[in-house]
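Here's the structure, in structure tokens; my notes come after.
Numbering (the numbering used here), first residue to last: 8 to 174.
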């Protein structure tokens, strides 16, 4: 763990995406996500564009349900009927706390409406996915992905297994 905190706080902003399979209205999704974020952040959360963008001290979330880029490709790539995308920009100066809050949010999303999901870093690195009630963690992660994931995976509050999720 030594050196990880310094590395994490020294990181540049990190871009990642959470792809979801939901079975209800997009406006309900945006409100649910807003409420979950407000509960997890315990600080000011600002919403923009009718809850399509949420911002706090740790990250910005962009929730998209209508204009998901390359949707057919994503559905084929991840073998899921993805119909919602949350683009996430974690801020480097608060990365360690931000990633913890983010995983707490993911856990609350799973407990609230139990979607199948895929979490991707840098556009292509599949970090984990949840399907059929189980979280599957990629075994092919870099050392820093492994460390931040190991520190936060239990916040998802679901059983997890390890498997190669090559991209």
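Positions of the beta carbon are idealized from the N, C-alpha and C atoms, including for glycine.
By the CB criterion at 8 Å, residue 163 and residue 110 fall inside the cutoff. Residues of the same chain with a CB within less than 6 Å of the CB of residue 27, apart from the 5 flanking positions on each side, are 91, 122 and 124 in chain order.
Looking at the DSSP output, residue 63 sits in no beta bridge, so it has no partner there. For residue 94, the enclosing beta strand (DSSP E) begins and ends at 91-97. One thing to note: residue 143 has its Cβ within 8 Å of the Cβ of residue 172. Here the alpha carbon of residue 94 sits roughly 17 Å from the alpha carbon of residue 34. Pairwise C-beta distances place the stretch 49-57 out of contact with the stretch 144-153, as fewer than three of them are shorter than 8 Å. Within the same chain, and ignoring the five residues on either side of residue 44 in sequence, the residues whose Cβ sits closer than 8 Å to its Cβ are 52, 61, 63, 68 and 112. Look at residue 118 here: in three-state DSSP terms it is helix.
Distance between residue 29 and residue 42, taken at the CA atoms: about 17 Å. Membership of residue 170 in the beta strand (DSSP E) is indicated by the continuous run 167-170.
Every unbroken stretch of the alpha helix (DSSP H) spanning 4 or more residues and falling wholly within the stretch 19-59 is given here in chain order: 33-48. Taking the C-beta atoms as reference points, residue 47 is found nearer than 8 Å to residue 115. Annotated as distal: residue 24 and residue 65, with beta-carbon spacing of 8 Å or more. 8 Å or more divides the Cβ of residue 160 from the Cβ of residue 145. In the DSSP assignment, no residue is bridged to residue 111.
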